[in-house]
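Have a look at the structure below, then the notes.
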Amino acid sequence: MPMTTPEPIRKTNLLDFSHEGLKQYFVTLGEKPFRATQVIKWLHQMMVDDVDQMSNISKDLRARLGEKAEIRAPQVMLDRESADGTRKWLFRLDDGNAIETVFIPEGDRGTLCVSSQVGCALDCTFCSTARQGFNRNLSLAEMIGQLWVARRSLQQNPRANRVITNVVMMGMGEPLLNF
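Counting from 1, position 161 in the sequence shown corresponds to residue 160 in numbering that gives the first Met the number 0; the numbering is continuous, with no gaps.
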């Protein structure tokens, strides 16, 4: 019988929780629900990717979170910027699928087009995504992760017209089929 390597056990991805879901998660850890608000601020305002950076949370809780949870966005495979400032990311998901996210600057605004599915089931004749067919809906972490990576990337090279002011679910997939 051939030896197989067991799949590594994935930690809980904190980007996969809504605020309410994170409150419930902390209750299962024996913590007060207000911890969720603290972590949400670290994730979505400070955009930290390591629980050890969450300085208003006890060292004990950070250690427990480090054992059980992680902060994981999709992996950037490609990051391209055109002459007009439009920026496109190609992400690899944990299952090997790929999705796209596009940032479009316009004056003092910037729109981020986020994917909601791998492929699309609608088969619109004008859309290249339709030719891929439908694979699956994206998880909350995969959708939030697109915004998260884009915000972090744009902040590394700050310019007045490189701020995300709008988020639209107009990347790959039909968002109303993933809710």
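Note that beta-carbon positions come from the ideal geometry of N, C-alpha and C, so glycine has one too.
Problem set entry | Length of the line joining the Cα atoms of Gln154 and Asp59 | Stepping through the sequence shown from its first residue, residue 154 is reached at position 155. Stepping through the sequence shown from its first residue, residue 59 is reached at position 60. The straight-line gap from Cα to Cα measures roughly 31 Å.
For this session: Over the uninterrupted beta strand (DSSP E) stretch that includes Val113, give me the two end residues.
Result: Your numbering for residue 113 matches position 114 in the sequence shown. Premise fails: Val113 is in no beta strand (DSSP E) and is neither H nor E.
For this session: Specify the secondary structure class of Glu30 as computed by DSSP and reduced to three states.
Result: Taking the first residue of the sequence shown as position 1, residue 30 is located at position 31. In the structure shown, Glu30 sits in coil (DSSP, three-state: anything other than H, G, I, E or B).
For this session: Buried or exposed for Ala35, please, with buried defined as at least 16 other CB atoms from any protein chain shown within 10 angstroms of its CB.
Result: Numbered from its first residue, the sequence shown carries residue 35 at position 36. With 16 or more other Cβ atoms within 10 Å, it is buried.
For this session: Verify whether the separation of the beta carbon atoms of Asp107 and Val167 is less than 9 Å.
Result: Here residue 107 refers to the residue found at position 108 when the sequence shown is read from its first residue. Here residue 167 refers to the residue found at position 168 when the sequence shown is read from its first residue. Going by C-beta atoms, Asp107 is not nearer than 9 Å to Val167.
For this session: Quickly, what does DSSP pair Leu77 with across the bridge? List them, please.
Result: Stepping through the sequence shown from its first residue, residue 77 is reached at position 78. Answer by DSSP bridge pairing, in chain order: Leu89.
Problem set entry | Asn156 and Thr110 closer than 9 Å at C-beta | Sequence index remark: in the sequence shown, residue 156 carries index 157 (1-based). Sequence index remark: in the sequence shown, residue 110 carries index 111 (1-based). No.
For this session: Give the range of the alpha helix (DSSP H) segment to which Val47 is assigned.
Result: Numbered from 1 along the sequence shown, position 48 holds the residue referred to as residue 47. Premise fails: Val47 is in no alpha helix (DSSP H) and is neither H nor E.
For this session: State the beta-bridge partners of Asn165 as determined by DSSP.
Result: For the purposes of this step, residue 165 is identified with residue 166 of the sequence shown, where counting begins at 1. Asn165 pairs with Thr110.
Problem set entry | Per-residue burial, Ile8 [other beta carbons within 10 Å of its own, 16 or more giving buried] | Taking the sequence shown and counting its residues from 1, one reaches residue 8 at position 9. With fewer than 16 other Cβ atoms within 10 Å, it is exposed.
For this session: Look at the alpha carbon of Leu28 and the alpha carbon of Ile70, and state the distance between them as a whole number of angstroms.
Result: As a first step, residue 28 must be located in the sequence shown, where it is residue number 29. As a first step, residue 70 must be located in the sequence shown, where it is residue number 71. C-alpha separation (whole angstroms): 17 Å.
For this session: Select from Trp88, Glu66 and Val101 the residue whose C-alpha is nearest the C-alpha of Asn12.
Result: Indexing the sequence shown from 1 puts residue 12 at position 13. Per the Cα distances, Glu66.
For this session: With Ala149 as the anchor, note down where its alpha helix (DSSP H) starts and where it stops.
Result: By 1-based counting over the sequence shown, the position of residue 149 is 150. That run of the alpha helix (DSSP H) goes Leu139 to Gln155.
Problem set entry | Of the listed residues Asp78, Asn136 and Leu21, nearest to Val148 (C-alpha basis) | Counting from 1 along the sequence shown, the entry for residue 148 is found at position 149. Cα-wise, what sits closest to Val148 is Asp78.
Exercise. Tell me the DSSP bridge mates of Arg135?
Worked result: The count along the sequence shown starts at 1 and reaches residue 135 at position 136. Paired residue(s): Val117.
Problem set entry | Spatial neighbours of Met46 in its chain, beta-carbon cut-off 7 Å, leaving aside the 5 residues before and after | Translated into positions along the sequence shown, residue 46 becomes position 47. Here the set comprises Trp147, Arg150 and Arg151.
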